[in-house]
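Reading through the structure tokens given below for one structure.
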Ligand code: BG6
């Protein structure tokens, strides 16, 4: 990990306090990590001390000892105040001064945890400055310092805006300097999908249309959108969760084995999955919005800042179809919602029943489908249901489970942001979203975003979302000859 300055745009925001300061702290505690040099950037009238105090609060919240947190914050953090995010003079001055003071070579990470409306201006200002510094552009000398640009989600609002944002990014930065964040990719259990699939020949050989009837990807959340209306009401669940987090889970589940386990190998296979996926259709998309329920007096429309006729989806389910050799005819149902009964992220692979029902004829009963459930959070692990003979006369069949829980074997996981920030510092883009991936993911949903023909079903807080979503799982897949 080379010494570098980490410039955090949006240092006064929630993400910084909740995730980024704790992750920066933990990365800097790893063996071989250089002393941290972080510049927090914001428009608020803060100074170094205000920023350091905020970071100490954030770290103690994350169970770091207060004395250690203060020592870290005081040595690591400087604040640069800007009037606007495209006027970055104070940022560059602070960075240059810090580099001179510490004898650093000029390597920098720019991390944009900012409102997306500011991305184009900030990226352009950074790009022009870096071109002057000779770190990006036509003729970059081999010994030039490195620069990495990290962009938080949402990356665009739809296909056209993502293409435009990529154009602006690529005007200045080469793709290998760009790290688009989807924090689900930093989760250990999401990465375990690759190990689970490609280290266990047993599962991989059953991982196709021959044996799999359908796949259900579920992210149920108990949290809500209260206090976030400013962001959430213009976005909704299709954009906030489905287009990014669930689509990442989908492509990791459906992808072919990569030629190599590196950024190029993995991202190439994920892009192939997205390219083979048909555009989602309105008659296979179910949207919902929570009302009151389960002890909540307020529904979504009662939150401060939400218009009383808001159509914003707090639940979304969509059935996807792939046109490729492995998955032709196997539906993938993606669903997620807020204020659900339970917090649960899982991928359920539902296998086909045996072709003949041997046991019913001899006085027994039909076997159940085998279901493999990969639990990504909480209670990380997996279960596989299978049928056994019920002891006694005849062929009674009972369903039982094999299970594995991470917690029983391994210690706690690093937080997703710690993994991702370490990878940025080490220059490994494997767990980040490629330009083409971001665009293809928007392409899949372009016909169902902002589509007012799709009804937004009210659902009760504390349940499992609108009933209509259940039908996406139960209904047989539609005719193969659907819209492309
Ligand atoms: C964020 C979304 O990207 O992911 C939130 O904006 C969502 O709405 C969150 O709650 C879920 O992440 P995690 O890591 O808590 O499962």
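Numbering (this note's numbering), first residue to last: 1 to 484. Glycine residues also receive a C-beta, built at the ideal position from the N, C-alpha and C atoms. Please read all numbers here as calculations on a predicted model, not as lab measurements.
Between which two residues does the beta strand (DSSP E) carrying residue i extend?
i	result
residue 80	77-81
residue 179	178-180
residue 215	212-220
residue 304	Taken as a continuous stretch (DSSP letters only), residue 304 belongs to no beta strand (DSSP E), as it is neither H nor E.
residue 401	397-405
residue 8	5-9
residue 39	38-42
residue 385	381-389
residue 314	First-last for residue 314: undefined, no H or E at that position.
residue 347	344-351
residue 337	332-337
For the alpha helix (DSSP H) containing residue i, name the first residue and the last one.
i	result
residue 22	21-28
residue 163	159-172
residue 458	Per DSSP, residue 458 belongs to no alpha helix (DSSP H); it is in the beta strand (DSSP E), 456-459.
residue 269	263-275
residue 426	416-426
residue 231	229-232
residue 56	48-61
residue 191	188-198
residue 247	247-254
residue 375	That residue, residue 375, is in no alpha helix (DSSP H); its beta strand (DSSP E) goes 371-377.
residue 201	201-204
residue 442	435-445
residue 471	467-474
Going by the beta-carbon positions, is the gap between residue i and residue j smaller than 9 Å?
i	j	result
residue 53	residue 73	yes
residue 290	residue 459	yes
residue 499	residue 420	Here the chain comprises residues numbered 1 to 484, so residue 499 is not present and cannot be evaluated.
residue 233	residue 226	no
residue 287	residue 237	yes
residue 169	residue 333	no
residue 147	residue 119	no
residue 82	residue 42	yes
residue 114	residue 149	no
residue 220	residue 344	yes
residue 127	residue 164	no
residue 154	residue 45	no
residue 277	residue 444	yes
residue 354	residue 367	yes
residue 339	residue 280	no
residue 160	residue 121	no
residue 382	residue 369	no
So, under 8 Å CB-CB, residue i and residue j are touching, yes? Tell me the CB distance rounded to an integer number of Å.
i	j	result
residue 254	residue 327	6 Å
residue 342	residue 218	About 10 Å; that fails the 8 Å criterion.
residue 76	residue 38	5 Å
residue 106	residue 145	3 Å
residue 19	residue 408	About 27 Å separates the two Cβ atoms, so there is no contact after all.
residue 242	residue 440	Not quite, the Cβ-Cβ distance comes to about 14 Å (not below 8 Å), so this is no contact.
residue 303	residue 229	5 Å
residue 266	residue 258	5 Å
residue 56	residue 78	With a Cβ gap of about 15 Å, residue 56 and residue 78 do not count as contacting.
residue 21	residue 59	6 Å
residue 348	residue 162	The Cβ separation is near 30 Å, so there is no contact.
residue 406	residue 426	About 24 Å; that fails the 8 Å criterion.
residue 64	residue 209	That pair is no contact at about 49 Å.
residue 337	residue 465	5 Å
residue 424	residue 178	Residue 424 to residue 178, Cβ: 11 Å. No contact.
residue 212	residue 351	6 Å
Could you check whether the Cβ of residue i sits closer than 8 Å to any heavy atom belonging to the ligand ADP?
i	result
residue 221	Only the ligand BG6 can be found as ligands here, which leaves the ligand ADP out of the picture.
Is the CB of residue i under 9 Å away from at least one CB in chain B?
i	result
residue 437	Absent here is chain B; the protein component of the structure consists of one chain.
Does the region 387-404 come close enough to the region 2-14 to have 3 or more Cβ pairs within less than 8 Å? no
Can you check the region 127-158 for any beta strand (DSSP E) of at least 3 residues that lies completely inside it and give the ranges in chain order? 147-151
Touch check for the region 88-97 and the region 50-68: three-plus C-beta pairs under 8 Å? no
Hey, which unbroken runs of the beta strand (DSSP E) at 3 residues or more fall wholly within the region 277-303? 285-290
Counting beta carbon pairs with one atom in the region 306-316 and one in the region 190-204, are three or more of them shorter than 8 Å? no
Contact between the region 127-144 and the region 426-436: three or more CB pairs below 8 Å? no
Unbroken beta strand (DSSP E) runs of length 3 or more, entirely within the region 73-127: which are they? 77-81 and 108-112
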